[in-house]
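Asker:
There are 2 protein chains.
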Amino acid sequence: MSSHSAPVPFCIRWGILATGSIAETFAKDLLVDPASRGVTDVSHSLVAVASSRSSEIASRFINKVGAPSSCIAYGSYDALVADPRVDVVYIASPHSHHYQNAMLGLQAGKHVLCEKPLTVTARQAHHLVETARARERFLMEAMWTRFLPISAQIRQEVQNGAIGPVIRIFADNSIGTNALKELKDSYLTKKELAGGALLDLGVYPIHWIMQTLAPRPDPRPSSILSATTPLLGAGVDESTTILMTFPVTSPSPVSVQAVASSSLRAMADPDGHTPVVRIQGDRGEIQIYGHSWCPSKYRIIKRVQQFGIIGEAEEYEYHVPGGAHGLCFEADEVARCVRHERHESAVMSWTESLTVIEILDAVRRAHGLFFSEIVESDEYPVTMPAKMN
Amino acid sequence: MSSHSAPVPFCIRWGILATGSIAETFAKDLLVDPASRGVTDVSHSLVAVASSRSSEIASRFINKVGAPSSCIAYGSYDALVADPRVDVVYIASPHSHHYQNAMLGLQAGKHVLCEKPLTVTARQAHHLVETARARERFLMEAMWTRFLPISAQIRQEVQNGAIGPVIRIFADNSIGTNALKELKDSYLTKKELAGGALLDLGVYPIHWIMQTLAPRPDPRPSSILSATTPLLGAGVDESTTILMTFPVTSPSPVSVQAVASSSLRAMADPDGHTPVVRIQGDRGEIQIYGHSWCPSKYRIIKRVQQFGIIGEAEEYEYHVPGGAHGLCFEADEVARCVRHERHESAVMSWTESLTVIEILDAVRRAHGLFFSEIVESDEYPVTMPAKMN
Numbered sequence: 000m001s002s003h004s005a006p007v008p009f010c011i012r013w014g015i016l017a018t019g020s021i022a023e024t025f026a027k028d029l030l031v032d033p034a035s036r037g038v039t040d041v042s043h044s045l046v047a048v049a050s051s052r053s054s055e056i057a058s059r060f061i062n063k064v065g066a067p068s069s070c071i072a073y074g075s076y077d078a079l080v081a082d083p084r085v086d087v088v089y090i091a092s093p094h095s096h097h098y099q100n101a102m103l104g105l106q107a108g109k110h111v112l113c114e115k116p117l118t119v120t121a122r123q124a125h126h127l128v129e130t131a132r133a134r135e136r137f138l139m140e141a142m143w144t145r146f147l148p149i150s151a152q153i154r155q156e157v158q159n160g161a162i163g164p165v166i167r168i169f170a171d172n173s174i175g176t177n178a179l180k181e182l183k184d185s186y187l188t189k190k191e192l193a194g195g196a197l198l199d200l201g202v203y204p205i206h207w208i209m210q211t212l213a214p215r216p217d218p219r220p221s222s223i224l225s226a227t228t229p230l231l232g233a234g235v236d237e238s239t240t241i242l243m244t245f246p247v248t249s250p251s252p253v254s255v256q257a258v259a260s261s262s263l264r265a266m267a268d269p270d271g272h273t274p275v276v277r278i279q280g281d282r283g284e285i286q287i288y289g290h291s292w293c294p295s296k297y298r299i300i301k302r303v304q305q306f307g308i309i310g311e312a313e314e315y316e317y318h319v320p321g322g323a324h325g326l327c328f329e330a331d332e333v334a335r336c337v338r339h340e341r342h343e344s345a346v347m348s349w350t351e352s353l354t355v356i357e358i359l360d361a362v363r364r365a366h367g368l369f370f371s372e373i374v375e376s377d378e379y380p381v382t383m384p385a386k387m388n
Numbered sequence: 000m001s002s003h004s005a006p007v008p009f010c011i012r013w014g015i016l017a018t019g020s021i022a023e024t025f026a027k028d029l030l031v032d033p034a035s036r037g038v039t040d041v042s043h044s045l046v047a048v049a050s051s052r053s054s055e056i057a058s059r060f061i062n063k064v065g066a067p068s069s070c071i072a073y074g075s076y077d078a079l080v081a082d083p084r085v086d087v088v089y090i091a092s093p094h095s096h097h098y099q100n101a102m103l104g105l106q107a108g109k110h111v112l113c114e115k116p117l118t119v120t121a122r123q124a125h126h127l128v129e130t131a132r133a134r135e136r137f138l139m140e141a142m143w144t145r146f147l148p149i150s151a152q153i154r155q156e157v158q159n160g161a162i163g164p165v166i167r168i169f170a171d172n173s174i175g176t177n178a179l180k181e182l183k184d185s186y187l188t189k190k191e192l193a194g195g196a197l198l199d200l201g202v203y204p205i206h207w208i209m210q211t212l213a214p215r216p217d218p219r220p221s222s223i224l225s226a227t228t229p230l231l232g233a234g235v236d237e238s239t240t241i242l243m244t245f246p247v248t249s250p251s252p253v254s255v256q257a258v259a260s261s262s263l264r265a266m267a268d269p270d271g272h273t274p275v276v277r278i279q280g281d282r283g284e285i286q287i288y289g290h291s292w293c294p295s296k297y298r299i300i301k302r303v304q305q306f307g308i309i310g311e312a313e314e315y316e317y318h319v320p321g322g323a324h325g326l327c328f329e330a331d332e333v334a335r336c337v338r339h340e341r342h343e344s345a346v347m348s349w350t351e352s353l354t355v356i357e358i359l360d361a362v363r364r365a366h367g368l369f370f371s372e373i374v375e376s377d378e379y380p381v382t383m384p385a386k387m388n
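Quick note, the sequences are listed as chains A and B, same order.
Here numbering that gives the first Met the number 0 is used: position 12 in the first sequence is 11, and no number is missing along the way.
Here numbering that gives the first Met the number 0 is used: position 77 in the second sequence is 76, and no number is missing along the way.
1. What are the residues in the segment 252–272 of chain A lying within 9 Å of chain B by C-beta distance?
2. Roughly how many angstroms lie between the CA atoms of A/Gln79 and A/Glu55, to the nearest whole one?
3. Does the beta-carbon of B/Glu284 have 16 or more other beta-carbons within 10 angstroms, so that it is buried, or is it exposed?
4. List the residues that DSSP assigns as beta-bridge partners of B/Gln279.
5. Starting from A/Arg302, find everything on chain B with Cβ-Cβ shorter than 7 Å and list it in chain order.
6. I think B/Thr120 touches B/His97, with their Cβ atoms under 8 Å apart; what is that distance to the nearest whole Å?
7. Secondary structure at A/Val362, three-state DSSP: helix, strand or coil?
8. Given a cut-off of 8 Å, decide if B/Asp268 and B/Leu368 are closer than it, judged by their beta-carbon atoms.
9. If you measure between the beta carbons of A/Leu263 and A/Ala178, is that distance less than 8 Å?
10. I'd like the list of long-range same chain contacts for A/Ser42, defined as Cβ closer than 6 Å, with 5 residues on each side in sequence excluded.
11. In three-state DSSP terms, what is A/Ile71?
12. For the alpha helix (DSSP H) containing B/His126, name the first residue and the last one.
13. Is the beta carbon of A/Thr244 less than 8 Å from the beta carbon of B/Ala226?
14. Quick one: is B/Thr18 near chain A, going by C-beta distance under 8 Å?
15. To test your reading of the DSSP string, which unbroken beta strand (DSSP E) runs of 3 or more residues are found completely within the segment 280–356 of chain A?
16. Exposed or buried, what is A/Gln210 when buried is set at 16 or more other beta-carbons lying within 10 Å of its beta-carbon?
17. Taking the alpha carbon of A/Pro380 as the point to measure from, which residue in A/Val355, A/Gln106 and A/Ser371 has its own alpha carbon closest?
18. Assuming A/Ile223 is part of the beta strand (DSSP E), what are its boundary residues?
19. Can you give me the C-alpha to C-alpha distance between B/Asn388 and B/Ser20, rounded to a whole angstrom?
20. Can you tell which of A/Ser291, A/Ser185, A/Lys180 and A/Leu231 has its C-alpha closest to the C-alpha of A/Val202?
21. Going by DSSP, what residues sit across from A/His43 in a beta bridge?
22. Roughly how many angstroms separate the alpha carbons of A/Ala124 and A/Leu353, rounded to a whole number?
23. Around the Cβ of A/Val362, are there at least 16 other Cβ atoms within 10 angstroms (buried) or fewer (exposed)?
24. Quick check on A/Arg167 - is its C-beta less than 8 Å from some C-beta in chain B?
25. Select from A/Ser348, A/Glu332 and A/Ser261 the residue whose C-alpha is nearest the C-alpha of A/Leu230.
26. Taking the CB atoms as reference points, tell me whether A/Ile278 and A/Ile162 lie closer together than 8 Å.
27. Does the separation of the CB atoms of A/Ala141 and A/Val276 fall below 8 Å?
28. Determine contact between the segment 310–327 of chain A and the segment 131–150 of chain A, defined as no fewer than three beta-carbon pairs at a distance below 8 Å.
29. Can you tell me whether A/Thr188 is buried or exposed, with buried defined as 16 or more other CB within 10 angstroms of its CB?
30. On the three-state DSSP scale, how would you describe B/Val389?
31. Beta-carbon separation of A/Asp270 and B/Ala312 under 8 Å?
32. A/Ile309 touches chain B at which residues, Cβ-Cβ below 8 Å?
33. Can a CB atom of chain B be found closer than 8 Å to the CB of A/Ala312?
34. Using 8 Å as the limit for Cβ to Cβ distance, is A/Asp281 near chain B?
35. Do B/Gly234 and B/Lys190 have their C-beta atoms closer together than 8 Å?
36. In the DSSP assignment, find the unbroken alpha helix (DSSP H) run with B/Val253 in it and report its ends.
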């Protein structure tokens, strides 16, 4: 019997692990009707939320985000990953816990979307990827910026040659705070939670560099140099600048120089009109405005190939529709991958996530920026101290 | 006998060594009436010009710039520095020749203003400084940007605390050329003339970093890291990015991270609206527009010290008066120093020039960017090959 009614969207069932502010934003985005962003092939169901401390905290979270009454509140992560109704676990715990929590989900046979950075060390990340591969589960770093339509459009412009081969990139994510005062209680300033500018803010500029250079046979930089300023008495960095070189590869005529900077103290865009990412090509430049994690605008400037003559700019603005924050697009990607039994996203590949964490590792090693043995351990399971969890 | 007539300005007599385009611009600036820029204490007289090849070339130069008929054309540098009417020699030869030519002037007992970079190697620069000190002659690197009123104003803003202590600087000088085509015949692409992006363009961003961090007890960076892209087949760099750290020193609460980039291929300001230098402080930012060697505008953005809140910008434009290019201001500084028997300028000190050349040395060494033995030699006198001169 033929039918002309629209096909039912593939519905993926989410369990949210941890109840901090990013979990809240993600949950709210899950509850936005996908049709508001033109998505009809997949949909999302929030079926469970877990707090490691108590089910009351999870209950309050469920009420706060307005999840359906069928959503179950768990007082432990073990209970969440044991729930057979959960298809995919979203890991929203602090950096320090990503490895243990993501592994918990994978070992329980769940698909996993894990907040950035995927793990604290590259070894941990490799173990997660090996586990996802062996168990045939989906695993992805929640680098949501990559899935924003504006990011896809920028990558497309680059790949279409709008600015010619990329030759230099400056990318910054710096939030201009008095960290010791304004962020006193934040995970950002906590060594035991693997805080600091590099791991939390620095991943965005590095990912901007990676995604605008892709596709490359090997995404790895040929050199990684860096400068770090410690956050006084906190054991984490307050500012880190990374200078990378990427080898010549078609169509690049030369090696690419790229600067990824991040700072709790300095500010990427102090006036609302300063580009936070600049992708420079042989025939022009793309300037990205707004927050580097969620750009609101980009400009393409086609270069006049003659010394001293400046080019014309075209401007594109973008706002996330449907009242969503923008995390919804990565959720759609997870649903599509799971639907098609893909364990790795082509947009946020394992190789690129691993490369980013290897860069973070190299920078931390160069400056003796270490976390505790337990946070950097790649053993599993390891019980984390209760106060951290 | 008291008089109320204006005092006669102190007149300094210039000899110009070499006749390239920067010499031409400098000569024209010397011939602009200082009163047009409000200067009445000093004046300039162009008394001699020398070409190493022939006095005819020097004659043509004198006619072209419109120098007075009393200006003498020499066909050798030795003749120029032997002329007793010359107080100060302006060295406008290629980088490769600065050391030999500046030493020639000093040894002849002349004061010397030498084009940037002061020399090709730090050892050469140290020898020049020692010679100037021993012979009690004035010596200065012709970093004219430092003497532009807009630069003085920017330094004053920083020193007055308009943006708080400086914490991060991005400075770029990149001219966006197809170097192998557009600059085929330029000294910029010639290894034998000590060309390349770093030595010619990179000195400006480094000097911006130095001058906005000054005064410091020790101007030297605590770390110098860099990435270089070679210009294919030319033996010089087409792009160099330097990442430096400067140690904590009052009033800076933290170490300063600074990026100095330069490129023949990439472009600092592709649209006429992109800042080429950004000086970031704890309480705001100064953005500099135009060419980093001769800015036309700067904006001060006072930061609202609260996460996510952007600040208000104030804008200042500047144009060199009197139809001059802007080299006139450094000439005035030379005249004032000579008048007051100072051998070193406080604005462009020997220590800072030496620091800049030590940075250039460190970067070149890190990448095996060497010039010929004769160009890097600190012996004097050394006869340079005729074709280079």
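Yeah, the Cβ is synthetic: ideal placement off N, Cα and C, and Gly gets one too.
Fair warning: this is a prediction, and the values are worked out from it, not measured in the lab.
Answerer: Reading from the atomic positions:
1. Pro252, Val253, Ser254, Val255, Gln256, Ala257, Val258, Ser260, Ser262, Arg264, Ala265, Met266, Asp268, Pro269, Asp270, Gly271 and His272
2. For this step, residue 79 of chain A is matched to residue 80 along the first sequence. For this step, residue 55 of chain A is matched to residue 56 along the first sequence. Just to set this straight, residue 79 of chain A is Leu in the shown sequence, not Gln. Computed Cα separation, rounded: 14 Å.
3. Start at 1 with the first residue of the second sequence, and residue 284 of chain B comes out as number 285. Buried.
4. For this step, residue 279 of chain B is matched to residue 280 along the second sequence. In DSSP, B/Gln279 forms a bridge with B/Arg167 and B/Glu284.
5. Against the first sequence, residue 302 of chain A aligns to sequence position 303. Result: Gly175, Met266 and Pro269.
6. Here residue 120 of chain B refers to the residue found at position 121 when the second sequence is read from its first residue. Here residue 97 of chain B refers to the residue found at position 98 when the second sequence is read from its first residue. At roughly 10 Å, the Cβ-Cβ gap does not stay under 8 Å, so B/Thr120 and B/His97 are not in contact.
7. One-based indexing of the first sequence puts residue 362 of chain A at position 363. In this structure, A/Val362 counts as helix in the three-state DSSP scheme.
8. Counted from its first residue, the second sequence places residue 368 of chain B at position 369. Counted from its first residue, the second sequence places residue 268 of chain B at position 269. No, the Cβ-Cβ distance between B/Leu368 and B/Asp268 is not below 8 Å.
9. For the purposes of this step, residue 263 of chain A is identified with residue 264 of the first sequence, where counting begins at 1. For the purposes of this step, residue 178 of chain A is identified with residue 179 of the first sequence, where counting begins at 1. Yes, these two residues count as a Cβ contact at 8 Å.
10. Within the first sequence, numbered from 1, the residue matching residue 42 of chain A stands at position 43. Within the same chain, A/Ser42 has close Cβ partners Pro8, Cys10 and Pro33.
11. Within the first sequence, the letter at position 72 stands for residue 71 of chain A. It is a strand residue.
12. Mapped onto the second sequence, residue 126 of chain B falls at position 127. Segment Ala121 to Arg134, the alpha helix (DSSP H) holding B/His126.
13. Counting from one through the first sequence, the residue named residue 244 of chain A turns up at place 245. Counting from one through the second sequence, the residue named residue 226 of chain B turns up at place 227. In contact: A/Thr244 and B/Ala226 (Cβ atoms closer than 8 Å).
14. Counting from one through the second sequence, the residue named residue 18 of chain B turns up at place 19. Chain A, which has no Cβ nearer than 8 Å to the Cβ of B/Thr18, makes this no.
15. 283–290, 293–301 and 311–316
16. Counted from its first residue, the first sequence places residue 210 of chain A at position 211. Looking at its Cβ environment, which holds 16 or more other Cβ atoms inside 10 Å, A/Gln210 is buried.
17. Counted from its first residue, the first sequence places residue 380 of chain A at position 381. If we check each option's Cα against that of A/Pro380, A/Gln106 comes out closest.
18. Residue numbering aside, residue 223 of chain A sits at position 224 when the first sequence is read from its first letter. Taken as a continuous stretch (DSSP letters only), the beta strand (DSSP E) holding A/Ile223 covers Ser222 to Pro229.
19. The sequence position of residue 388 of chain B within the second sequence is 389, counting from 1. The sequence position of residue 20 of chain B within the second sequence is 21, counting from 1. Its pLDDT being 45, under 50, B/Asn388 is placed unreliably in this model, and the value from its coordinates should be taken loosely. Each residue's Cα considered, the two are about 15 Å apart.
20. Start at 1 with the first residue of the first sequence, and residue 202 of chain A comes out as number 203. Answer by Cα proximity: A/Ser291.
21. Position 44 of the first sequence holds residue 43 of chain A. Answer by DSSP bridge pairing, in chain order: A/Ile11.
22. Within the first sequence, numbered from 1, the residue matching residue 124 of chain A stands at position 125. Within the first sequence, numbered from 1, the residue matching residue 353 of chain A stands at position 354. Approximately 6 Å, taken between the alpha carbons.
23. By one-based count along the first sequence, residue 362 of chain A stands at place 363. Buried is the call here.
24. Along the first sequence, read from residue 1 onward, the residue named residue 167 of chain A stands at position 168. It does: the Cβ of A/Arg167 has a partner Cβ on chain B nearer than 8 Å.
25. Numbered from its first residue, the first sequence carries residue 230 of chain A at position 231. It is A/Ser261 whose Cα lies nearest to the Cα of A/Leu230.
26. For the purposes of this step, residue 278 of chain A is taken as the residue at position 279 of the first sequence. For the purposes of this step, residue 162 of chain A is taken as the residue at position 163 of the first sequence. The answer is yes: Cβ separation under 8 Å.
27. Here residue 141 of chain A corresponds to residue number 142 of the first sequence, with the count starting at 1. Here residue 276 of chain A corresponds to residue number 277 of the first sequence, with the count starting at 1. Cβ atoms of A/Ala141 and A/Val276: not closer than 8 Å.
28. yes
29. Along the first sequence, read from residue 1 onward, the residue named residue 188 of chain A stands at position 189. It counts as buried.
30. In the structure displayed, chain B extends from 0 to 388; residue 389 of chain B sits before or after that span and is not available.
31. Counting from 1 along the first sequence, the entry for residue 270 of chain A is found at position 271. Counting from 1 along the second sequence, the entry for residue 312 of chain B is found at position 313. Yes, they are a contact pair.
32. Locating residue 309 of chain A in the first sequence gives position 310, counting from the first residue. Going along chain B in sequence order, the residues near A/Ile309 (Cβ under 8 Å) are Asp268, Pro269, Asp270 and Gly271.
33. Reading the first sequence from its first residue, position 313 is the one you call residue 312 of chain A. Yes - at least one Cβ of chain B is within 8 Å of the one on A/Ala312.
34. Counting from 1 along the first sequence, the entry for residue 281 of chain A is found at position 282. Yes, A/Asp281 counts as interfacial toward chain B.
35. Residue mapping note: residue 234 of chain B aligns to position 235 of the second sequence, counting from 1. Residue mapping note: residue 190 of chain B aligns to position 191 of the second sequence, counting from 1. Closer than 8 Å, so yes.
36. Translated into positions along the second sequence, residue 253 of chain B becomes position 254. Careful: B/Val253 lies outside any alpha helix (DSSP H) and carries neither H nor E.
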